[in-house]
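Going line by line, the protein sequences match chains A and B. Following this note's numbering, the numbering of the first sequence begins with 1 at its first residue and continues without gaps. Following this note's numbering, the numbering of the second sequence begins with 1 at its first residue and continues without gaps.
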Amino acid sequence: MNMTVAAIFKKDWLGLLIVVLVSGLVIAAVKPAFLSPFNLYVLMVSTSYMLIIALAQMIIIAIGQMNLSVGAIGGLVAISFSGLMEVHQISVPVAVLSGLVIGIACGFLNGYITVKSGISAFIITLATLYIFKGINLGITEAEPFYNIPENVKNFGNAKIGNTPIPFLLIIPIIITILMWVFINRTETGRHMLAYGNSVQSAELMGISSSKVVITAHIISGFLAAIAGMLVVCRLQLGTPNIGDSWLLPSFAAPVIGGAILAGGKVDVIATALGVLIVAIISQALVIFKIDPFFVQIFLGVMILLAVFVNRYREYKQEVRRKIFSSE
Amino acid sequence: MSEFCLEISAANKSFPGVKALDKASFRLRKGSIHALLGENGAGKSTLIKIITGVHRQDSGTLFINGKEETLNNPNDATKFGISVVHQERNLIRRFSVGENLMLNNLPKTVLGLIDYDEIAIQSKKWLEIMDLDIDPNTVVSELTVAKMQLCEIAKALSLKAKILLLDEPTSSLSPKEAENLFSLLRKIVRDEGVSIVFVSHKLEEVFNICDDVTVLRDGQNACTSENIKNLDRKKLVRLMIGRDEQIVKSTRKTDKIKDTVLALNKVKTELGHENINLELARSEIMGLYGLVGAGRTELVKCLIGLEKIIEGDVIINGKKTAIDSPKSALEKFKIGYISEDRKKEGLILIHNVLDNTSITVWSQIKKAAGLVTDGMIANKVDPYIRKLEVKTPSNYQIISNLSGGNQQKISVAKWLAAGTDILIIDEPTVGIDIKTKAYLHELILNLADNGTSIILISSDMPEMISLADRIVVMKDFKVNGIVENDRDYDVVSSKIMEFIHS
Numbered sequence: 001m002n003m004t005v006a007a008i009f010k011k012d013w014l015g016l017l018i019v020v021l022v023s024g025l026v027i028a029a030v031k032p033a034f035l036s037p038f039n040l041y042v043l044m045v046s047t048s049y050m051l052i053i054a055l056a057q058m059i060i061i062a063i064g065q066m067n068l069s070v071g072a073i074g075g076l077v078a079i080s081f082s083g084l085m086e087v088h089q090i091s092v093p094v095a096v097l098s099g100l101v102i103g104i105a106c107g108f109l110n111g112y113i114t115v116k117s118g119i120s121a122f123i124i125t126l127a128t129l130y131i132f133k134g135i136n137l138g139i140t141e142a143e144p145f146y147n148i149p150e151n152v153k154n155f156g157n158a159k160i161g162n163t164p165i166p167f168l169l170i171i172p173i174i175i176t177i178l179m180w181v182f183i184n185r186t187e188t189g190r191h192m193l194a195y196g197n198s199v200q201s202a203e204l205m206g207i208s209s210s211k212v213v214i215t216a217h218i219i220s221g222f223l224a225a226i227a228g229m230l231v232v233c234r235l236q237l238g239t240p241n242i243g244d245s246w247l248l249p250s251f252a253a254p255v256i257g258g259a260i261l262a263g264g265k266v267d268v269i270a271t272a273l274g275v276l277i278v279a280i281i282s283q284a285l286v287i288f289k290i291d292p293f294f295v296q297i298f299l300g301v302m303i304l305l306a307v308f309v310n311r312y313r314e315y316k317q318e319v320r321r322k323i324f325s326s327e
Numbered sequence: 001m002s003e004f005c006l007e008i009s010a011a012n013k014s015f016p017g018v019k020a021l022d023k024a025s026f027r028l029r030k031g032s033i034h035a036l037l038g039e040n041g042a043g044k045s046t047l048i049k050i051i052t053g054v055h056r057q058d059s060g061t062l063f064i065n066g067k068e069e070t071l072n073n074p075n076d077a078t079k080f081g082i083s084v085v086h087q088e089r090n091l092i093r094r095f096s097v098g099e100n101l102m103l104n105n106l107p108k109t110v111l112g113l114i115d116y117d118e119i120a121i122q123s124k125k126w127l128e129i130m131d132l133d134i135d136p137n138t139v140v141s142e143l144t145v146a147k148m149q150l151c152e153i154a155k156a157l158s159l160k161a162k163i164l165l166l167d168e169p170t171s172s173l174s175p176k177e178a179e180n181l182f183s184l185l186r187k188i189v190r191d192e193g194v195s196i197v198f199v200s201h202k203l204e205e206v207f208n209i210c211d212d213v214t215v216l217r218d219g220q221n222a223c224t225s226e227n228i229k230n231l232d233r234k235k236l237v238r239l240m241i242g243r244d245e246q247i248v249k250s251t252r253k254t255d256k257i258k259d260t261v262l263a264l265n266k267v268k269t270e271l272g273h274e275n276i277n278l279e280l281a282r283s284e285i286m287g288l289y290g291l292v293g294a295g296r297t298e299l300v301k302c303l304i305g306l307e308k309i310i311e312g313d314v315i316i317n318g319k320k321t322a323i324d325s326p327k328s329a330l331e332k333f334k335i336g337y338i339s340e341d342r343k344k345e346g347l348i349l350i351h352n353v354l355d356n357t358s359i360t361v362w363s364q365i366k367k368a369a370g371l372v373t374d375g376m377i378a379n380k381v382d383p384y385i386r387k388l389e390v391k392t393p394s395n396y397q398i399i400s401n402l403s404g405g406n407q408q409k410i411s412v413a414k415w416l417a418a419g420t421d422i423l424i425i426d427e428p429t430v431g432i433d434i435k436t437k438a439y440l441h442e443l444i445l446n447l448a449d450n451g452t453s454i455i456l457i458s459s460d461m462p463e464m465i466s467l468a469d470r471i472v473v474m475k476d477f478k479v480n481g482i483v484e485n486d487r488d489y490d491v492v493s494s495k496i497m498e499f500i501h502s
């Protein structure tokens with residue numbers, strides 16, 4: 001496909017990229033400390049796992065559903081990962097693998113029950129949220145695991161060479177690229193979007209809805225698991241409340257990135273920029289020593305703005321279509 | 001090889017409580033266009049579902065190219081080259097045309113990733129067969145309805161369809177678009193070796209394009225694969241309804257038509273209507289006729305306050321008024337609007353009969369505390385549900401389970417219950433069988449005789465001429481002319497056509 005300049009201008013992410021660049025430059029001009037290595041490091045660390053959490057929700061939004069249990073899966077994986085290493089002395093690679101398996105199993109459960117019951121994923125994942133969280137609390141008795149192996153801790157603190165870039169960021173970047181390819185260039189990814197656009201049409205075209213839905217939930221669980229383990233690396237401990245605060249931000253970034261909750265429209269790059277915008281705003285408010293409650297207000301305004309912009313775009317497209325039709 | 005590419009003999013199919021098909025037979029000649037006709041509920045849909053593998057017949061045999069076959073699911077049907085173009089548009093609107101065409105079999109690069117260039121090349125071929133001069137990269141939502149439909153047919157052809165089922169393909173096309181569709185259908189029958197099953201309520205189309213006709217009535221064959229040359233319109237109608245078509249005789253007493261209730265004076269709207277002058281009298285049926293896109297539905301939407309009128313006067317019962325919403329249109333001025341799109345705008349499909357019928361009267365019957373009980377509702381609306389002979393097991397049946405004709409009756413009943421003075425009826429009989437249609441016609445005439453003023457929008461010329469007292473011809477959001485209707489079909493229709501083409 002030839003990417004012409006006009007095509008780039010049509011992309012959802014262009015406006016967001018401008019927002020990121022402009023806000024970054026403005027903040028840096030007023031407060032040069034914004035670009036200090038330490039500050040950039042903090043910014044990138046918080047972006048790293050939020051990016052994966054946002055993608056975990058985005059893939060479910062793509063099929064027109066919601067996953068309320070992203071945080072609960074992440075939390076369960078986080079404490080399993082750290083508990084296996086601390087209590088059972090299991091090696092790091094096996095612990096990572098076990099964490100991924102647990103995430104995939106949780107996602108499969110969400111998808112399988114949704115497909116078999118025909119009940120909305122909103123309800124199913126609301127139920128599994130409590131189940132996963134309950135298991136989490138049962139295992140930990142609300143106590144964190146403190147004895148994380150040194151190499152895991154080091155990974156959480158490491159930077160690439162002399163740059164302020166955290167090692168932690170590598171995984172989310174790889175995952176973002178893979179997700180872009182998956183959504184835009186693979187048959188399963190396209191079938192998911194088709195399903196999100198219209199369940200009925202997709203089924204009539206011979207797309208298997210159970211395959212699409214279960215796959216999406218498995219990917220979501222898998223990503224939530226990775227995010228959970230990254231947070232353990234970052235915090236240097238496995239606390240049972242990891243994941244508790246993920247839910248709303250997981251929707252914020254895809255929505256800022258132009259995703260439609262009814263399904264069928266998501267954009268990986270725009271979602272990533274959405275994460276970045278949220279991080280920049282939070283960071284800027286810290287630098288300017290503004291009360292933290294403003295972060296919330298800002299976030300709310302951002303979401304409203306994003307939704308209005310999308311509405312306006314769709315309206316313009318509709319008008320264009322009407323002009324076409326009356327020819 | 002058999003002369004028939006598809007043959008069904010003596011198929012029976014029962015659903016709990018209904019015998020949908022009773023020894024129904026059907027033979028599709030290779031390279032022919034075959035009309036499948038029948039009223040709503042005659043068994044057409046069931047037969048189509050058997051052909052497409054959605055249902056299986058209880059007994060009876062199905063032959064494809066002379067060989068007995070069993071279709072267990074829609075995929076089996078696809079394998080035998082059977083493809084349906086559904087009434088509802090079934091493309092993925094946010095995807096490109098090319099991707100929609102190839103979605104079942106996306107071409108891939110060596111890495112296993114989707115090859116969009118190849119999609120464009122491969123899909124172009126099928127678009128060209130359908131004379132569609134569109135870039136395969138165009139997003140479907142930017143196409144007109146007519147082009148979307150052609151894309152669907154192109155998609156079916158790309159799946160190597162040899163038997164194509166078209167379910168009311170022209171219901172949302174303009175006459176010109178329909179004519180274009182027909183010439184393309186003839187072309188693919190000739191060049192691509194496709195055979196077509198054509199379902200329609202419009203008999204003109206059947207005579208225009210079909211070679212053979214099968215008529216179902218109450219699940220049985222009223223005629224089986226008859227050559228169209230042996231039939232005329234009258235015979236066909238008799239086969240479908242078991243008696244002659246009822247021409248609504250004009251028993252209108254025009255002396256009742258007096259006193260202007262509604263007048264539009266030099267109205268200009270946000271949507272682009274210019275200089276609209278109209279007068280509607282009590283008891284009058286005023287028709288709005290025009291081609292698709294003439295601005296008729298848009299005009300009445302401005303009138304009831306859904307869109308804005310920016311210049312000119314709306315005068316109701318002699319008083320200049322401004323209607324700002326459908327709510328005030330109903331409550332202050334007693335104007336009701338029966339939408340052409342009953343599924344999207346007329347009914348709440350997941351609610352029951354009672355709730356749908358009573359939605360317009362809640363505000364009239366609520367008690368002091370603003371509460372409404374089922375009993376109060378039933379008292380108010382039940383007479384109308386009965387009057388319209390709505391076929392429903394109970395008033396608590398969910399609307400989406402009723403047939404199209406009965407759904408339309410509910411959307412009419414709702415406004416009867418509301419007791420409107422001016423009723424706007426938009427395409428009341430699209431997709432409705434002949435019997436219900438005749439019934440609705442009588443109802444509209446009755447309403448007018450009893451003092452309701454009616455604005456009727458219809459693209460069905462016979463319907464227009466049998467109902468309207470005056471016919472306003474619209475074109476390009478303007479009034480092109482007004483025809484006094486003396487119900488002489490030939491004279492009036494030619495006058496209308498003159499205005500449309502002037």
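Where is the CB? At the ideal position from N, CA and C, for every residue including glycine. As the structure is a computational prediction, the values presented were derived from the model and not from experiment.
Spatial neighbours of residue i in its chain, beta-carbon cut-off 7 Å, leaving aside the 5 residues before and after
i       : result
His86/B : Asp167
Straight-line gap, residue i to residue j (C-alpha atoms, nearest Å)
i        : j        : result
His88/A  : Lys159/A : 29 Å
Ala20/B  : Gln200/A : 24 Å
Leu371/B : Lys380/B : 15 Å
Glu505/B : Ala438/B : There is no way to answer for residue 505/B, as the model of chain B reaches only from 1 to 502.
Gly156/A : Leu235/A : 8 Å
Asn227/B : Glu142/B : 40 Å
Ala161/B : Ala105/A : 41 Å
Ile281/A : Ile121/B : 45 Å
Cβ-based neighbour list, residue i, same chain, cut-off 6 Å, excluding 5 preceding and 5 following
i        : result
Ser46/A  : Ala279
Pro428/B : Leu440
Gln246/B : Reliability of the predicted coordinates at Gln246/B is poor, the pLDDT of 49 falling under 50, and no value is obtained from them.
Neighbour list for residue i in chain B, Cβ cutoff strictly below 7 Å
i        : result
Glu187/A : Leu106 and Ile114
Lys333/A : No answer is possible for residue 333/A: it lies beyond the span of chain A, which begins at 1 and ends at 327.
Any C-beta of chain A under 8 Å from that of residue i
i        : result
Arg93/B  : yes
Val78/B  : Looking at the sequence shown, residue 78/B is not Val but Thr. It does; some Cβ of chain A falls within 8 Å.
His441/B : no
His86/B  : yes
Glu427/B : no
Leu349/B : no
Asn480/B : no
Gln246/B : Confidence at Gln246/B is low in this model, with a pLDDT of 49, below 50, so the placement of that residue is unreliable and no value is reported for it.
Buried versus exposed call for residue i [16 or more other C-beta atoms within 10 Å across all chains shown]
i        : result
Lys234/B : exposed
Arg190/A : buried
Lys301/B : buried
Gly134/A : exposed
Lys147/B : buried
Pro383/B : exposed
Pro37/A  : exposed
Per-residue contacts from residue i into chain B (C-beta, under 8 Å)
i        : result
Ala259/A : Correct list: empty, because the minimum Cβ distance to chain B is about 12 Å.
Contacting residues, own chain, Cβ-Cβ under 8 Å from residue i (five flanking each side not counted)
i        : result
Val390/B : Val353, Leu402, Asn406, Lys409, Ile410 and Ala413
Leu129/A : Leu68, Ser69, Gly71 and Ala72
Ile350/B : Ile398, Ile399 and Ser400
Partner residues on chain A for residue i, Cβ-Cβ distance less than 8 Å
i        : result
Asn90/B  : Ser198, Gln200, Ser201, Leu204 and Met205
Leu299/B : Near Leu299/B there are no residues of chain A at all, since even the closest Cβ is about 15 Å away, more than 8 Å.
C-beta neighbour in chain B for residue i, strict 8 Å
i        : result
Arg311/A : no
Contact set between residue i and chain A, taken where Cβ atoms lie within less than 9 Å
i        : result
Leu103/B : Glu187, Arg190, His191, Ala194, Ala202, Met205, Gly206 and Ile207
Residue-chain proximity (residue i, chain D), Cβ-Cβ < 8 Å
i       : result
Glu99/B : No chain D appears in this structure, whose protein chains are A and B.
Interface partners of residue i on chain B, CB under 9 Å
i        : result
Val181/A : Leu113
Partners in chain A for residue i, counting only beta-carbon separations shorter than 7 Å
i       : result
Asn75/B : Gly206
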